[in-house]
Ligand SMILES: Cc1cc2nc3c(=O)[nH]c(=O)nc-3n(C[C@H](O)[C@H](O)[C@H](O)COP(=O)(O)OP(=O)(O)OC[C@H]3O[C@@H](n4cnc5c(N)ncnc54)[C@H](O)[C@@H]3O)c2cc1C
Ligand SMILES: Cc1cc2nc3c(=O)[nH]c(=O)nc-3n(C[C@H](O)[C@H](O)[C@H](O)COP(=O)(O)OP(=O)(O)OC[C@H]3O[C@@H](n4cnc5c(N)ncnc54)[C@H](O)[C@@H]3O)c2cc1C
Ligand SMILES: Cc1cc2nc3c(=O)[nH]c(=O)nc-3n(C[C@H](O)[C@H](O)[C@H](O)COP(=O)(O)O)c2cc1C
Ligand SMILES: Cc1cc2nc3c(=O)[nH]c(=O)nc-3n(C[C@H](O)[C@H](O)[C@H](O)COP(=O)(O)O)c2cc1C
Ligand code: FES
Ligand code: FES
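Residue numbers (this note's numbering), protein chains in the order written: chain X, 171 to 433; chain H, 171 to 433; chain D, 30 to 334; chain C, 30 to 334.
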């Protein structure tokens, strides 16, 4: 009999839906785990069943309800290739929920890039008043902006700011430009900026938020070997000196706690 | 453009049928390859798609016709586990046909153990007069004696000698006992003994055939890294001295060419 | 039911499954996944006299069936460990092995002295071989005279079990193992990580900030087994195996090669409750075969020659 | 279209993809899978003065992302190679590198002299490091003085390209690399196999007849890259990389680390037409990025420090 004091589960793949652009929606049954999860938290998922790939992969929780865990997975390398070709009904190891959550606050400004949208969607779903939120969501092309219907069902259309690098949907360029304009145009509002996406995007968002005197929280995207604090591999340089683990102290950090210049 | 001078193919899994006892029937589309294959030859099949398992696995050809290659695969380790859980429609690398064939001869006496039955079934199917053949087929229990209907359709019932270790089908014991009785009872017949199965069984069959003055051919079961003669890993000690590769000079050998005492 | 107990010199462990240093923190995170007392012993993250920040990221990357790390021996320092962590571990009743490293002999001696005075440490393990830190001991681990001198000095101040952890980045291990034994080591741990490197072919960047790092995981298991087998035949003191163990059959493989206990490292990252599975798997292996105790396996590999 | 040509000292190869010794026979079997002249060069199975039977089976086993071998340097001998095989290879117009080994310096010298006289060999590669044969050169490969003496003696009788293949089973490679360069080597091949072992936990038998064997395949790639990077910075002669290369991106990784050519070994067993795929993949990589030639990549890894 194996004692289970924290959640390590055989997650069974319930459904796998291709979303285009290399993205997949994976739904796992993960009894017990799903119910405890909060927005910003992640799970470690084992890809394949042999010695290679060896380590589990971190994925933000997109949505969790009852016994079901929803992940948004982009196929980028071997691990995500194996995960996004798993057969429905297959089982794999799922560890979690892990890490720190985004602080729930009215009027928060969400900044999402790529799969960084996942924890922010969970945030909006869990929020007592999603209509108070704004979303700035950027991607390469329209094809890479995902689950827009679901977002439209949560936030007023005017609060949805889509940006694409090729201009195929919404504003053309990077998500930081409309974010900056928005914060400048709303100097009195106090909602925090919550960013998740590529590191340069989060770094820029943090600078913009600071300039606008808004609190800013970011979800760091560091390579992880364990996900629960024992390998010390996932560190980010800390303003307080030294390094902090992004799996246990993060992945969600107060942007002011990170020594961005050392990243 | 990749030139293909010998057969390396993306074999597509057409159908996978569990036979019980850990055995599976795998049918691949392998255009070109299947048509050229002869009984006793084998293919190297890649299991999985990552760095582990690394090497392809050798499997005797059970049957080949048109573009379809049939294998009988027993799940014993990681590679065969991955192969026998492959999804239908999935592709993998198949290399072959490789190695030497069993000599076609009337009145041959087939001795099969476990998955060693595969090349002998191919032999019987390709034979111009299967009714002249005798089969001695041994396994642990009745559950491990496979494709009996197919054998019954090929050989007269009286030529089928089934043996199980637990006596659950046919004679109880090892296949070598009835083989020895049969050869003694038919001293005038000259058909060769063709054996494929565990090494001790083949060694015993070779000794029994020699005592009965019958030619004997065996299909050796050595670990192989390449299957086509470049690693020198698959050798068996040769009566002529030194070692011979069982992938290129075998797997089917004249039993007299093998230095059994050094095995 | 089979007896899983093993002895490593004067110490008796309830089973041969240990954690590897640097792969289990100080046990506090693992405690949330399984009761620590299911372990034979806990070998904690390498400790130095002063706390250390470690190396800048990136510190880890995956490689075929393995991983590279260059954590840079980040740790809370011996004082914080003894004062804050050790009491918690002691309450769990779990044997603790303190992995120690320093930049000169005096540091090792001072660390060992502190461990001698502390309650709840059953052995110290000298890390002479960490390839991550420029002066983190690599010179101690490759020269027999250096191993001998260091081990002897620590031996003078430390009366409990003294383990020396060997590096695989050497030409021949036997003289190093013999040197450690002669200087009074109670056991040898084989092996630490292999020195390796990886490059991102898309960005052209070294995957580790320090360029070189330590290779661990199943990829190195054949090298680890070879070191265990070679040293077990060369010395009389017990060997603790380490390197790529992932399954109960891997534990059996290490025992057959001559290890009296086996540390599990990298695989804990994949599955933090693995030690419990290994213990149960090993018990089933022994029970099925009617093997009464580990001494019937340890060192019993059959070679062909 | 990018230029895939590379030079290794005085030699120019049409592309940097070479075979590794012992993993391609003498090219005759590979010829049935792809036209050999698609290779940069063919490095043939290690040759000795007399034919050798090699070791008894079992000679190979699989390990995590790798394999162990102890073939024991079975080969047809230099005379049969020169007289029977070389003419066939010459007709294919493929550069042939003869990998040589012996049990004493005189054997290497005699082999090199025979290669000097033969037509169609563009380089010899001295295997100083095969861990399989008890006296198969292991002592030459771990001591700088031994490497220096041997290389210098061969240098005296061999005027074409002289490559020295280094063993990874050493504490520090730099003195060994420098010794080979000083004695007149034209290039260094990094690396041969790592010494390892495996045990069948069900039968308790060593998986190799010789107990220890050589570890190869993707598992050792991080170690191979480290040796390439270390030696490329320590010597002025070119480095030929070898160890676990499996994909075109692996070739790029070796080039970035400093290799001017890359030998592919174990992966040929899985896919004998791999060299053609690697050449095409490398060409696509360069073309997509507008990289005109390999010199823009070789040694260009960006380190953090
Ligand atoms: C807290 C956290 C949450 C995440 N959430 C999601 C999510 O919701 N959906 C999702 O698709 N992905 C998410 N990721 C990223 C995901 O973990 C990686 O894409 C995955 O590990 C890649 O594995 P792989 O084997 O496919 O690629 P690999 O073969 O490991 O790598 C492929 C390429 O991606 C790069 N890479 C790998 N991991 C990272 C990383 N963490 N950051 C930047 N580059 C990397 C590699 O250097 C390489 O170039 C998250 C990561 C973290 C740390
Ligand atoms: C010429 C030839 C024809 C074959 N034909 C068939 C066939 O038609 N059907 C079939 O199911 N199998 C066949 N085999 C055996 C098959 O190749 C092995 O079962 C397979 O390679 C095991 O791979 P694995 O990864 O599942 O097991 P591994 O994890 O590699 O090994 C599992 C266990 O099996 C043992 N083992 C592995 N390979 C062999 C071997 N060749 N001989 C004995 N023990 C071995 C290992 O030592 C280990 O104990 C054939 C082998 C050869 C050489
Ligand atoms: C992330 C990481 C950190 C490590 N830190 C230490 C350490 O502090 N001290 C030490 O002696 N070994 C350290 N090691 C080496 C391990 O203890 C072990 O020797 C090695 O990883 C091989 O075992 P494994 O393959 O089971 O991981 C570390 C290994 C890893 C992967
Ligand atoms: C089966 C086998 C036989 C080998 N024989 C030789 C040899 O004769 N001479 C030699 O220098 N290296 C020999 N090697 C080592 C390879 O040339 C190469 O250095 C090593 O395998 C690492 O490369 P890889 O991982 O690409 O295989 C052999 C390797 C294998 C796997
Ligand atoms: S991922 Fe291991 S400590 Fe954070
Ligand atoms: S399997 Fe490689 S030579 Fe036979």
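Ideal placement from N, C-alpha and C gives every residue a C-beta, glycine not left out.
Asked	Found
Can you list, in chain order, the residues of its chain whose CB lies under 7 Å from that of residue 251 of chain X, leaving out five sequence neighbours each side?	245
On the DSSP bridge list, what partners appear for residue 227 of chain H?	H/215
Just verifying my parser: in three-state terms, what is the DSSP assignment at residue 359 of chain H?	coil
How far does the alpha helix (DSSP H) with residue 291 of chain X in it reach, from first residue to last?	287-296
In chain D, what lies closer than 9 Å to residue 233 of chain C by C-beta?	281, 285, 326, 329, 330, 331
I want to verify the contact list: residues of chain X whose CB lies under 7 Å from the CB of residue 442 of chain H, in sequence order.	With chain H covering only 171 through 433, there is no way to say anything about residue 442 of chain H.
Quick check on the DSSP output: the beta strand (DSSP E) that includes residue 193 of chain X runs from which residue to which?	193-199
Would you mind working out which of X/241, X/328, X/355, X/404 sits nearest residue 382 of chain X, comparing C-alpha positions?	X/355
Helix, strand or coil: which one does DSSP assign to residue 211 of chain D?	helix
Measuring straight from C-alpha to C-alpha, what distance separates residue 164 of chain D and residue 170 of chain C?	Here residue 164 of chain D scores only 48 on pLDDT, less than 50, and its place in the model should not be relied on; the value that follows carries that caveat. Going by the C-alpha atoms only, they are around 26 Å apart.
Please return the same chain residues whose Cβ sits closer than 7 Å to the Cβ of residue 162 of chain C, not counting the five positions on each side in sequence.	Residue placement at residue 162 of chain C cannot be trusted, given a pLDDT of 45 that sits under 50; what the coordinates show is reported in the next sentence. 101, 102, listed in sequence order.
Quick one: is the Cβ of residue 397 of chain H within less than 8 Å of any heavy atom of ligand 6?	yes
According to the neighbour-count rule (16 or more other Cβ atoms, all chains shown, within 10 Å of its Cβ), is residue 81 of chain D buried or exposed?	buried
Could you check how far apart the C-beta atoms of residue 309 of chain X and residue 315 of chain X are, in whole angstroms? I think they sit under 8 Å.	5 Å
Can you grab the Cα-Cα spacing for the pair residue 264 of chain X / residue 97 of chain C, in whole Å?	33 Å
Does the region 417-425 of chain H come close enough to the region 265-277 of chain H that 3 or more CB-CB pairs lie under 8 Å?	yes
Evaluate residue 241 of chain H with the Cβ neighbour count: other Cβ atoms within 10 Å of its Cβ, from every protein chain shown; 16 or more gives buried, anything less gives exposed.	buried
Identify the contact partners of residue 248 of chain H in chain X, using a Cβ-Cβ distance below 8 Å as the criterion.	220
Within 9 Å (strictly less), CB to CB, does residue 192 of chain X reach chain H?	no
Can residue 48 of chain C be considered in contact with ligand 7, in the sense that its beta carbon sits closer than 8 Å to one or more heavy atoms?	For ligand 7, the structure offers nothing, since it holds only ligand 1, ligand 2, ligand 3, ligand 4, ligand 5 and ligand 6.
With a threshold of 8 Å (Cβ to nearest heavy atom), would residue 42 of chain C be considered close to ligand 1?	no
Hey, could you find the ends of the beta strand (DSSP E) residue 407 of chain X is sitting in?	405-407
Residues of chain H with CB under 9 Å from residue 259 of chain X, in chain order?	Per Cβ cutoff of 9 Å: no residues; residue 259 of chain X is ~11 Å from chain H at best.
For a contact defined as C-beta to C-beta under 8 Å, what are the partners of residue 94 of chain D on chain H?	221, 222
Could you tell me the distance, in whole angstroms, from the CA atom of residue 278 of chain H to the CA atom of residue 379 of chain H?	12 Å
Kindly indicate if chain C contains any beta-carbon less than 9 Å away from that of residue 166 of chain D.	In this predicted model, residue 166 of chain D has a pLDDT of only 43, less than 50, meaning its place in the structure is not dependable; the value taken from the coordinates is given anyway. It does not; no Cβ of chain C falls within 9 Å.
Give, in chain order, every unbroken run of the alpha helix (DSSP H) that is at least 4 residues long and sits entirely within the region 218-301 of chain C.	250-263, 277-286, 296-299
According to DSSP, which residues form a beta bridge with residue 63 of chain D?	Answer is none; residue 63 of chain D lacks a bridge partner.
Compare the C-beta of residue 144 of chain C against all C-beta atoms of chain H and say whether one is closer than 9 Å.	no
Under a Cβ-count criterion, where at least 16 other Cβ atoms within 10 Å of its own Cβ denotes burial, should residue 351 of chain H be classed as buried or exposed?	exposed
Is there at least one non-hydrogen atom of ligand 5 closer than 8 Å to the beta-carbon of residue 402 of chain X?	yes
How about residue 319 of chain D: is its C-beta nearer than 9 Å to some C-beta of chain E?	Of the protein chains in this structure, namely X, H, D and C, none is chain E.
Restricting to Cα atoms, I'd like to know which of C/334, C/285, C/292, C/291 is closest to residue 325 of chain C.	C/285
Establish whether the CB of residue 247 of chain C and some CB of chain X are separated by less than 9 Å.	yes
Starting from the Cα of residue 235 of chain X, find the closest Cα among X/226, X/203, X/254, X/327 and give me that residue.	X/203
Find the nearest neighbour of residue 182 of chain X within the set X/253, X/339, X/409, judged by alpha-carbon distance.	X/253
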